[in-house]
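Student:
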Amino acid sequence: MNKSGYVYLIQYPNNHYKIGRSKSPANRLKQLQRTSPQRLYLLHTIRTPDMVALEKALHQQYGTKKDRRGEYFRLSDDDVWAIASLISPKLLDAASQAAE
């Protein structure tokens, strides 16, 4: 299975975010937008050779910030910046090791 693709960060209202993976983040945004009455924003995409591992690493990194339903995250501005700039080399290392 080819695991290369994108990990994306989509913003919902009220500081809720979805961290997910897709071969086509723009199409994924369109799918999600169809079921949401409010405007969603694709804030960031990260191209990676193993989108499954990177998504999992991000979910673990921010697991304490999941909402009650468990699908969305309540992130601070600092969290969003950290994800967008991938400041955490440990996170990238974890994704690389998982891919091996």
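Take 5 as the starting number for the sequence shown in our numbering and just add one per residue. We put the CB at the ideal spot given by N, CA and C, even for glycine. Note that this is a predicted model, so its numbers are computed, not measured.
Please work out which residues of its chain come closer than 8 Å, Cβ to Cβ, to Val-11, disregarding the five sequence neighbours upstream and downstream, and give them in chain order.
Tutor: Within the sequence shown, residue 11 is the residue found at index 7, counting from 1. If the five residues before and after Val-11 are omitted, its C-beta is found closer than 8 Å to the C-beta atoms of Ile-23, Gly-24, Arg-25, Thr-49, Ile-50, Thr-52, Met-55, Leu-58, Glu-59, Leu-62, all from its own chain and listed in chain order.
Student: Starting from Gly-24, follow its DSSP beta bridges and name the residues at the other end.
Tutor: Position 20 of the sequence shown, counted from the first residue, corresponds to residue 24. Tyr-12.
Student: Can you tell me whether Gln-47 is buried or exposed, with buried defined as 16 or more other CB within 10 angstroms of its CB?
Tutor: Reading the sequence shown from its first residue, position 43 is the one you call residue 47. According to the sequence as given, residue 47 is Leu; it is not Gln. Flag for Leu-47 reads exposed.
Student: Would you mind sorting Pro-17 into buried or exposed? The rule is 16 or more other CB atoms within 10 Å of its CB.
Tutor: By 1-based counting over the sequence shown, the position of residue 17 is 13. It counts as exposed.
Student: Determine the contact status of Lys-70 and Leu-79, defining contact as a CB-CB distance below 8 Å.
Tutor: One-based indexing of the sequence shown puts residue 70 at position 66. One-based indexing of the sequence shown puts residue 79 at position 75. Contact flag unset, no.
Student: Alpha carbons only, please: which of Tyr-21, Gly-9, Gln-15, Asn-6 is nearest the one belonging to Tyr-66?
Tutor: Taking the first residue of the sequence shown as position 1, residue 66 is located at position 62. The candidate whose alpha carbon is nearest that of Tyr-66 is Tyr-21.
Student: Can you check which of these residues, Pro-29, Leu-36, Asp-82, Lys-7, is closest to Glu-75 by C-alpha distance?
Tutor: Here residue 75 is taken as the residue at index 71 of the sequence shown, counted from 1. Measuring from the Cα of Glu-75, the nearest candidate turns out to be Leu-36.
Student: Out of curiosity, what's the CA-to-CA distance linking Ser-89 and Lys-27?
Tutor: Position 85 of the sequence shown, counting from 1, holds the residue named residue 89. Position 23 of the sequence shown, counting from 1, holds the residue named residue 27. About 20 Å.
Student: Any idea what DSSP makes of Lys-34, helix, strand or coil?
Tutor: Your numbering for residue 34 matches position 30 in the sequence shown. Here Lys-34 sits in helix by DSSP.
Student: Where do the N-terminal and C-terminal ends of the alpha helix (DSSP H) with Leu-62 fall, by residue?
Tutor: For the purposes of this step, residue 62 is taken as the residue at position 58 of the sequence shown. From DSSP, the alpha helix (DSSP H) with Leu-62 extends over 55–65.
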